[in-house]
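One line per chain: the protein sequences are W and X, in this order.
The opening position of the first sequence corresponds to residue 6 in this note's numbering, with each subsequent residue numbered one higher.
The opening position of the second sequence corresponds to residue 1110 in this note's numbering, with each subsequent residue numbered one higher.
Working notes for the structure below.
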Amino acid sequence: MTSLQDRPRTEFEDNDQHPVGHGRMLRKEDPRFIRGKGRYVDDLQLPGMLHLAILRAPMAHARLVSIDTSAAQAHPKVKLVVTGAMLAEKGLAWMPTLSNDVQAVLVTDKVRFQGQEVAFVVAEDRYSARDALELIDVEYDVLPAVVDVRTALDPSSPVIRDDLDGKTDNHCFDWETGDAAATEAVFAKAEVVVSQDMVYPRVHPAPMETCGAVADYDSIDGQLTLYCTTQAPHAHRTLYAIVAGLPEHKIRIRAGDIGGGFGNKVPIYPGYVCAIVASLLTGKPVKWVEDRSENLTSTSFARDYVMRGEIAATKDGKILAVRTNVLADHGAFNGQAAPVKYPAGFFGVFTGSYDLQAAYAKQTAVYTNKAPGGVAYACSFRITEAVYLVERLVDCLADELKMDPVALRIKNFIQPDQFPYTTKTGWIYDSGNYEATMREAMRIADYDGLRREQAEKRERGELMGIGISFFTEAVGAGPRKDMDILGLGMADGCELRVHPTGKAVVRVSCMSQGQGHETTFAQIIAEEIGIPPADIQVVNGDTDQTPFGLGTYGSRSTPVSGAAAALVARKVRDKARIIASGMLEVSVADLDWDKGSFHVKGDPTKSVTIQDIAMRAHGAGDLPEGVEGGLEAQICYNPENLTYPNGAYICVVDVDPGTAVVKVRRFVAVDDCGTRINPMIIEGQVHGGLADGVGMALMEMIAFDEDGNCLGGSLMDYLIPTALEVPDWETGATVTPSPHHPIGAKGVGESATVGSPPAVVNAVIDALTPFGVRHADMPLTPSRVWDAMQGHPHPPI
Amino acid sequence: MTKINVTVDGVSYHDDVEPRTLLVHYLREQVGKVGTVVGCDTSNCGACTVDLDGLSVKSCTVLAVQADGSEVTTVEGLAGTDGLDPMQQAFHDNHALQCGFCTPGMIMAARDLLRHNPHPSEEEIREGIEGNLCRCTGYQNIVRAVQAAAGAAAGAAAGAGAAS
């Protein structure tokens, strides 16, 4: 056996793509995870800890008639049973959502989705808590459920949100972007117009670890510690302070290790609030960990957009305009996690990677009797939907014009010299070299060879499809003048402290859920200040320890916190330069920085290392006039713009003509996220996102029957890819740095999830060309592909 | 309550358990082996995979009382004083984990696979870990890690020393 210590250092391998710092550095997180020594929320055991379980509604829509908890309370191991009525007395029965709506913590008046929280039990162990749930007797008056978003606004539909004053329908909000009149004018004169209805079905991020929390209220100090699966610990702390009336300095959120987030762990869920209430009432630590079915049925779903898309072009393939009308199903409460001024997230980037004359989108969001959510699952605030829409439309246009889908895209790409490029919906893309990225993907895939192979196979009656997706992402929310979550600006803090011996600790406000921040943030600091990554500890997820910031989602860590890390290191380096000038007895201007040390210009032998400087900063010797001791700095970074990574994806599928089973045979993904901090970690991010995309395109859906019963509530029904459903990924990269980012890095975590579903669907539709199929909705399960082959594709409910 | 004697990671335990207690909860909450985790409630995800008397089992689907008299190995029992198990090392070297939540079960399943098939093809590896879901890695680096561990084991068997 070998040990980690014995292995040759790999940090300096593969610097070919100018990675920041130390290239393919292996992860600092791994040693604990591979030994089972991670610290996830359910691993926590505190003295006297109690267990909380939640009683959930068995139907989608029903008035609450009565709850009898006496039998549960009589259970010998039960400490507490709480109903909505009890929470209402404390003003805690409802809580604000991230979209300025309200959501019931526990049902007080009526149930609005199946799986909704009705009551909770606190017991000595998790089995007893579950036992006691069975002893609660609830009487419901069942109401008709509103399930289909297309009919939810009919006057005959029952009103779900009768808790809202004067609410007489299920309308949630309207939103639009772009110029309707200008777009109409372009469409009126266009030679070719293609229209396509498409559904991005409801799916779920389903992180391997479900949501959970341990609330620990210390009544002597008045201090609440909440160990919690949260991607945004600081935002959560502030919201708890506002909602529960606890002083913010007496709330400490500790996120620990998180077993995947994928956007599922951004919102505050009723379970967290229940755990806090339970700890306040019992004076004991209380653990709540949901099971998988609770996770799938009650926490943040993703997508659920019904879209009508239209694309206008000339006969020779110049795309002129895109417009769309969207019906968005938001479930029973608008719990969507998005910046306040962006109720449809960043769906406005639906113009994609193309230089258009006009664009317009209109959206109507509605309430239905389903769980809340919408923004999750690596969507970058609805960009999954935007990219799916435009990339399907471009393929429909290519089909109409009998043009190669790659040629059509290349003809319409925004050109490198057009950046920064302002889209017709007002987004300012920072940089891109789309054709180079597309051609790199074609090179890896041997695109022309694939088309030849496809032609030969079609001759033989075999169904092979080649699907293209070229996407532009918009990540790194965001400039505080435009973007806030419930009034909290989307900036991020970073604090760097260099210890006397030259080791360092960097504290960040973002929160890793597996993306490797402990490694990559050390690399950023290492690059800027010359301290080896191994000597830099990255701290995240503890609100007492880290500076304020908005957390990790929307691929915003590298764009915002990564920028903060680089800038805080430069701030420390600036101070180090002053200290070095004193040590070398020259002026600051006479010093050169040479990664890790300052030397006198023209005389490299006269130098001091950052470690020497750190010791001097903390030592007994003199410092230059006016310089404080210590070597540390902090910063709050307000990004001037988002970053716009992009990618070219090519998917190859084979469809079995007899069974309609789709096999993804190859998948080529070329991503351009600017400067690549750690290529190994980027590849892993891309691999994971591609698997998401294959899952969404072929397998995953949270469906409902007409009564509102959730049909995707367990891993028996909600299918996520295993190792057998996905191919060996073929990844590549181009590097077009973000000009406004301190190290030129763009976010990338969600790119593959955003970019891959249209590639898979485009490939399947391409394979079905002999059947004259122009579109079929996800998930393209064998039965749905079979239906499409028979000429009657049907949309999902 | 029922008395059981179980050896976990080489240490013998004598405990009272309810007959309905799942092995995974016994391991996590009574023995304190929280490295083995729970990812679902329908026996699909495999995050709870451990060795039970040389068989790879999903410990959410075994009662603790069924493990009476048995020997259980969890991911926490793999690394010795002389270092990591080759599969652990291979997962690290090949970036076969991200959030780390499926990793303990995945490592246990992958070791079991190599025990039964020391030189699996890529397809056999994918089939061999089909009972283990991962949401982060897209599986490819896990396949690479298993291949590397298989190579390391082959190298060790041939007296060629540890993984290069």
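Backbone N, C-alpha and C fix where the C-beta goes; we use that ideal spot for every residue, glycine too.
From a predicted model like this one, the values you see are computed outputs, not experimental measurements.
Closest to residue i by C-alpha separation, out of the options, would be which residue?
i                  : options                                    : result
Trp180 of chain W  : W:Val778, W:Thr648, W:Tyr274, W:Thr329     : W:Thr329
Leu455 of chain W  : W:Ala370, W:Asp409, W:Leu148               : W:Asp409
Gly1163 of chain X : X:Ala1156, X:Cys1157, X:Val1171, X:Ser1179 : X:Ser1179
Pro629 of chain W  : W:Val411, W:Met588, W:Met495               : W:Met588
Val2 of chain W    : W:Val675, W:Val667, W:Pro744               : This structure leaves residue 2 of chain W out entirely; chain W is present only between 6 and 802.
Met447 of chain W  : W:Ala674, W:Val271, W:Leu647               : W:Ala674
Pro732 of chain W  : W:Gly694, W:Glu755, W:Ser719, W:Gly754     : W:Gly694
Ala185 of chain W  : W:Gly607, W:Thr102, W:Lys429, W:Glu144     : W:Lys429
Gly183 of chain W  : W:Asp710, W:Ala363, W:Ala653, W:Ser305     : W:Ala363
Arg779 of chain W  : W:Ala768, W:Pro787, W:Thr786               : W:Ala768
Ala1254 of chain X : X:Cys1243, X:Gln1197, X:Asn1153            : X:Gln1197
Ala5 of chain W    : W:Ser517, W:Ile281, W:Val513, W:Gly507     : A query on residue 5 of chain W cannot be resolved here, the shown segment of chain W reaching from 6 to 802 and no further.
Lys486 of chain W  : W:Lys611, W:Ala237, W:Pro344               : W:Pro344
Thr373 of chain W  : W:Ile686, W:Pro149, W:Tyr382               : W:Pro149
What span of residues does the alpha helix (DSSP H) with residue i cover, start to end?
i                  : result
Glu1233 of chain X : 1231-1237
Phe192 of chain W  : 185-194
Thr243 of chain W  : 238-249
Ile1216 of chain X : 1212-1225
Asn1114 of chain X : Counting along the chain, Asn1114 of chain X falls outside any alpha helix (DSSP H), though it belongs to the beta strand (DSSP E) covering 1111-1117.
Gly89 of chain W   : 89-94
Please classify residue i: does DSSP put it in a helix, a strand, or coil?
i                  : result
Ile471 of chain W  : strand
Ile256 of chain W  : strand
Gly401 of chain W  : The identity of residue 401 of chain W in the sequence shown is Cys, whereas the question assumes Gly. Helix at Cys401 of chain W.
Gln108 of chain W  : strand
Tyr365 of chain W  : strand
Ile433 of chain W  : strand
His522 of chain W  : helix
Cys656 of chain W  : strand
Asp771 of chain W  : helix
Met685 of chain W  : helix
Cys384 of chain W  : coil
Ser602 of chain W  : strand
Thr15 of chain W   : Here Thr15 of chain W scores only 38 on pLDDT, less than 50, and its place in the model is too uncertain to base an answer on.
Tyr439 of chain W  : helix
His1201 of chain X : helix
Thr758 of chain W  : helix
Asn417 of chain W  : helix
Gln795 of chain W  : coil
Cys233 of chain W  : strand
Tyr649 of chain W  : coil
Provide the residue span of the beta strand (DSSP E) that contains residue i, from first to last.
i                 : result
Gly217 of chain W : 217-223
Ile541 of chain W : 541-544
Thr610 of chain W : 608-614
Glu637 of chain W : 637-642
Ala333 of chain W : 324-334
Phe672 of chain W : 667-677
So residue i contacts chain X; which residues on that side make the cut at Cβ distance below 9 Å?
i                 : result
Phe476 of chain W : Chain X residues near Phe476 of chain W: none, gap ~18 Å exceeds 9 Å.
Ser719 of chain W : Cys1149, Asp1150, Thr1151, Asn1153
Counting only Cβ pairs nearer than 9 Å, list the residues of chain W close to residue i.
i                  : result
Thr1183 of chain X : Gly41
For residue i, go through chain W and note every residue whose CB falls closer than 8 Å to its CB, in chain order.
i                  : result
Ala1263 of chain X : Going along chain W, no residue has its Cβ under 8 Å from Ala1263 of chain X, so there is no contact; the nearest lies around 15 Å.
Ala1197 of chain X : Inspection of the sequence shows that residue 1197 of chain X is occupied by Gln rather than by Ala. Ordered by position in chain W, the residues that pass the 8 Å Cβ test against Gln1197 of chain X are Ile39, Arg40.
Residues of chain W with CB closer than 7 Å to the CB of residue i, please, in chain order.
i                  : result
Ala1188 of chain X : Arg40
Starting from the beta carbon of residue i, find every residue of chain X whose beta carbon is closer than 7 Å, and list them in chain order.
i                 : result
Ile298 of chain W : Checking the sequence, you will find Ser at residue 298 of chain W rather than Ile. Here the neighbours are Asp1150.
Thr727 of chain W : Glu1239, Leu1242
Trp734 of chain W : Gly1247, Gln1249
Val731 of chain W : Gly1247, Tyr1248
Note down, in chain order, every chain X residue with its Cβ under 8 Å from the Cβ of residue i.
i                 : result
Gln811 of chain W : Limits of chain W in this structure are 6 at one end and 802 at the other, which puts residue 811 of chain W out of reach.
Ile263 of chain W : Cys1208
Please list, in chain order, the residues of the segment 1143-1170 of chain X that have any C-beta partner in chain W closer than 8 Å.
Val1143, Gly1144, Thr1145, Val1146, Val1147, Gly1148, Cys1149, Asp1150, Thr1151, Asn1153, Cys1154, Ala1156
Interfacial residues, the segment 1201-1227 of chain X to chain W, with Cβ spacing under 8 Å:
His1201, Asp1202, His1204, Leu1206, Gln1207, Cys1208, Gly1209, Phe1210, Cys1211, Thr1212, Pro1213, Ile1216
Name, going along the chain, the residues of the segment 1224-1254 of chain X whose beta-carbon falls closer than 9 Å to a beta-carbon of chain W.
Glu1231, Glu1232, Ile1234, Arg1235, Glu1236, Gly1237, Ile1238, Glu1239, Gly1240, Asn1241, Leu1242, Cys1243, Arg1244, Cys1245, Thr1246, Gly1247, Tyr1248, Gln1249, Asn1250, Ile1251, Val1252
What are the residues in the segment 212-229 of chain W lying within 7 Å of chain X by C-beta distance?
Pro212, Met213, Glu214
Note down, in chain order, all residues in the segment 659-689 of chain W with a beta-carbon under 9 Å from any beta-carbon belonging to chain X.
So the list reads Met685, Ile686, Glu688, Gly689, given in the order they occur along the chain.
Closer than 7 Å, Cβ to Cβ, to anything on chain X: give me those residues from the segment 692-707 of chain W, in chain order.
His692, Gly693, Leu695, Ala696
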